[in-house]
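Here the working numbering is used: the first residue of the sequence shown is 1, the next is one more, and so on.
Backbone N, C-alpha and C fix where the C-beta goes; we use that ideal spot for every residue, glycine too.
Report on one structure; see the data block that follows.
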Amino acid sequence: MSFLLRDAMAIWSAGVQAVTPQNLFAEKLSVQNKSLIVKDHCDLDLSGCKRLIVVGAGKASAAMAIAFYRCTWPKIVAALRGKEPQLSGWINCPDGAFDPQAQEGCPIYLHAARPVGVNQPTEEAVEGTRQILRLVRSATSQDVVLCLISGGGSALLPCPIEGVSLQDKQAIARLVSEAGGTITQLNQIRGALSEVKMGGLARACGASQLVSLIISDVIGDPLQVIASGPTVLDAHVDPQAALGVLTDLGLRDHADLRQVRLVLERMPAAPIQKGSSSSVTNVILANNIDAVDAAGVHAVNLGYRYVMQAANGHEGEVMQFAQQAVQAAWLLSQQSEVDCWISGGEPTAKLPTPCGKGGRNQQLALAVLDGLAKRGWPESGGRSLAFLSGGTDGEDGPTDVAGAMWDEDVWREARNMGIMPVDFLARADAYHFFEPLHSLFRTGPTGTNVCDLRIALTAPRESQGMDIGNV
1 MSFLLRDAMA
11 IWSAGVQAVT
21 PQNLFAEKLS
31 VQNKSLIVKD
41 HCDLDLSGCK
51 RLIVVGAGKA
61 SAAMAIAFYR
71 CTWPKIVAAL
81 RGKEPQLSGW
91 INCPDGAFDP
101 QAQEGCPIYL
111 HAARPVGVNQ
121 PTEEAVEGTR
131 QILRLVRSAT
141 SQDVVLCLIS
151 GGGSALLPCP
161 IEGVSLQDKQ
171 AIARLVSEAG
181 GTITQLNQIR
191 GALSEVKMGG
201 LARACGASQL
211 VSLIISDVIG
221 DPLQVIASGP
231 TVLDAHVDPQ
241 AALGVLTDLG
251 LRDHADLRQV
261 RLVLERMPAA
271 PIQKGSSSSV
281 TNVILANNID
291 AVDAAGVHAV
301 NLGYRYVMQA
311 ANGHEGEVMQ
321 FAQQAVQAAW
331 LLSQQSEVDC
341 WISGGEPTAK
351 LPTPCGKGGR
361 NQQLALAVLD
371 GLAKRGWPES
381 GGRSLAFLSG
391 GTDGEDGPTD
401 VAGAMWDEDV
411 WREARNMGIM
421 PVDFLARADA
431 YHFFEPLHSL
441 FRTGPTGTNV
451 CDLRIALTAP
461 RESQGMDIGN
471 V
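Spelled out as structure tokens, the structure:
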């Protein structure tokens, strides 16, 4: 492996580590005078609290619960000196998102609600959501609820309204994704068909206070979109908007969504939503910009001069965004003033029928390689180049990898093997392009989720094969 690829992996990892729950809770949560302090946001008085109930869902929520129990809970116990509240809770998370040994002694139950790499609602997730609702409904004015929310929470917190089945919810997620719909569009539909989304969990809560700590996987941090806003009281259910999304994506008359359409059409235009007896506070702990910033700091520490590109809105379809990434990588390879490009965001992927195996990060990495090759790289001269694109949660589509990476050696090997990017791009089969080249980026679950992180690095061509010990 070239030093450029090793440095790219180190920069990516530094960005991800900065937004892991263990680091975030140590930095942003403290205990003072019998109160839990969330830095710059709220002061949660725990004196007189009978029960502290911890619930949540998401790809990072198991790690958040463990970080709270290992890092923050001992401080609460020490501050309250034997008068600490009873701690309990339930977290819906992906299978494999936590080490079973980490749960030993922890009264917050970590419930494996779906298989790894299958971002769909399941029967296990429905049962887990019922347990979460039971807990928050049992809370009284003497209790406090702490909700731990992260990306992926929508699929992990399903509770369909009457008339909608789990199979209907699964069809929605699958078809909207295949049509290239955004997470905002998907959650517009999910929210209208759920008992817990769009503030439903907060409305069910009987505690005096509910504080939701959120790791954002949505650009711009719209609270009602992250995990479909289960604790956002001002999120409004809008059946007509949900129907509009189905129309825009060409799905309104799809046979698999007939029941969904009928339920939405029968709903009142503005369903009455009750308030909550709890005082509700929502706090964003980290987002994609935080990861990009931390990656930039590590790039500087490694001696690179970087340019940063953090998305401030929807990036569009992955093949469209790839054109921007190709241009950025090409310019990087043709000059020496800047030698590192760091980008954060999350494009959508419109899938062909039939489609191969992959995810948006693998597809992006392959599209950038194809675009540069069509410009004559690397024979056209310039500097050596390496590229990496990975989902910060360690998952990329329905696969076992976070993304993919390549450098000149990988491209040379691909040509020697006679495999060309264009064939795999057309059928969205990037996984099988990179697999024989040993260039899939495999991290396992990272314990966080703040969209995607992309790194491009260049170096003078004569140093490409040298191991200069940057990692």
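For residue i, the first and last residue of its enclosing beta strand (DSSP E)
i    : result
P445 : No beta strand (DSSP E) contains P445, which DSSP labels as neither H nor E.
N282 : S279 to A286
V55  : R51 to A57
M308 : Y306 to A310
I132 : From DSSP, I132 is part of no beta strand (DSSP E) but of the alpha helix (DSSP H) over E123 to S138.
D43  : C42 to D45
L453 : D452 to A459
S150 : D143 to S150
N92  : Q86 to P94
S212 : Q209 to I215
V38  : S35 to V38
Residue interval of the alpha helix (DSSP H) (run including residue i)
i    : result
I172 : L166 to E178
R261 : R258 to R266
P239 : P239 to D248
Y431 : A430 to F434
F3   : F3 to Q17
D370 : R360 to K374
D409 : E408 to M417
Q185 : I183 to A192
S389 : Unbroken run through S389 is the beta strand (DSSP E), S384 to G391; no alpha helix (DSSP H).
L351 : Here L351 belongs to no alpha helix (DSSP H), and DSSP marks it neither H nor E.
Q103 : Element bounds for Q103: n/a, residue is neither H nor E.
Q327 : V318 to S333
W73  : W73 to L80
S380 : Unbroken run through S380: none, as it is neither H nor E.
8 Å CB neighbourhood of residue i in its chain, flanking five on each side removed
i    : result
E123 : L166
D290 : A18, V19 and V450
Cutoff 7 Å; reference residue i; Cβ partners in own chain excluding five residues on either side
i    : result
I76  : V31, L36, L46 and E84
V422 : D370
R134 : none
V126 : P158, C159 and L166
N119 : G152 and A155
D182 : Asp is not the amino acid found at residue 182; the sequence shown has Thr there. These residues qualify, in order along the chain: H314 and T348.
G96  : V116 and P445
N33  : none
T458 : L332, S333, D339, R383, S384 and L385
Sequence-distant residues of its chain with Cβ nearer than 6 Å to residue i (five each side left out)
i    : result
S61  : I91, C93, L148 and S150
A241 : Q188
P378 : E408
Q309 : S343
S216 : I226, I284 and N287
K350 : G180 and E317
S336 : none
W341 : V307, A328, L332 and A456
Pairwise C-alpha distance: residue j and residue i
i    : j    : result
M267 : E162 : 11 Å
F321 : P354 : 23 Å
G48  : S208 : 11 Å
Q22  : M64  : 7 Å
L80  : L87  : 13 Å
A294 : D393 : 16 Å
F434 : L440 : 6 Å
N470 : W411 : Confidence at N470 is low in this model, with a pLDDT of 34, below 50, so the placement of that residue should be treated as unreliable; the coordinate-derived value is given next. Looking at the two C-alpha atoms, the distance is approximately 23 Å.
G15  : S276 : 37 Å
E395 : G447 : 11 Å
S177 : E317 : 11 Å
T399 : G390 : 12 Å
V280 : A171 : 32 Å
S138 : A329 : 55 Å
L24  : V38  : 11 Å
R252 : T184 : 17 Å
E413 : A402 : 22 Å
G105 : L29  : 22 Å
L325 : P436 : Checking the displayed sequence, the identity of residue 325 turns out to be Ala instead of Leu. Cα to Cα, A325 sits roughly 24 Å from P436.
H41  : K50  : 23 Å
W406 : R174 : 30 Å
N249 : K197 : In the sequence on display, residue 249 carries Leu and not Asn. If you take the alpha carbons of L249 and K197, they lie about 22 Å apart.
L257 : S194 : 16 Å
I53  : L372 : 52 Å
Inter-residue CB distance, residue i and residue j (contact presumed, cutoff 8 Å)
i    : j    : result
G244 : A235 : Not a contact, Cβ separation roughly 17 Å.
V186 : T231 : In the sequence as presented, Val is not what sits at residue 186; that position holds Leu. Not a contact, Cβ separation roughly 19 Å.
L264 : A179 : That belief does not hold up - the Cβ atoms of L264 and A179 are roughly 17 Å apart, past 8 Å.
L385 : A311 : That belief does not hold up - the Cβ atoms of L385 and A311 are roughly 22 Å apart, past 8 Å.
A428 : Q363 : 6 Å
G89  : V55  : 6 Å
W12  : L302 : So it is not a contact: roughly 12 Å between Cβ atoms.
Within-8 Å CB hit, residue i to chain D
i    : result
L302 : Reference to chain D is not applicable here, since this structure consists of a single protein chain.
Residue i beta carbon near the ligand ATP (any heavy atom closer than 7 Å)
i    : result
T448 : The ligand content of the structure shown is nil, which means the ligand ATP is not present either.
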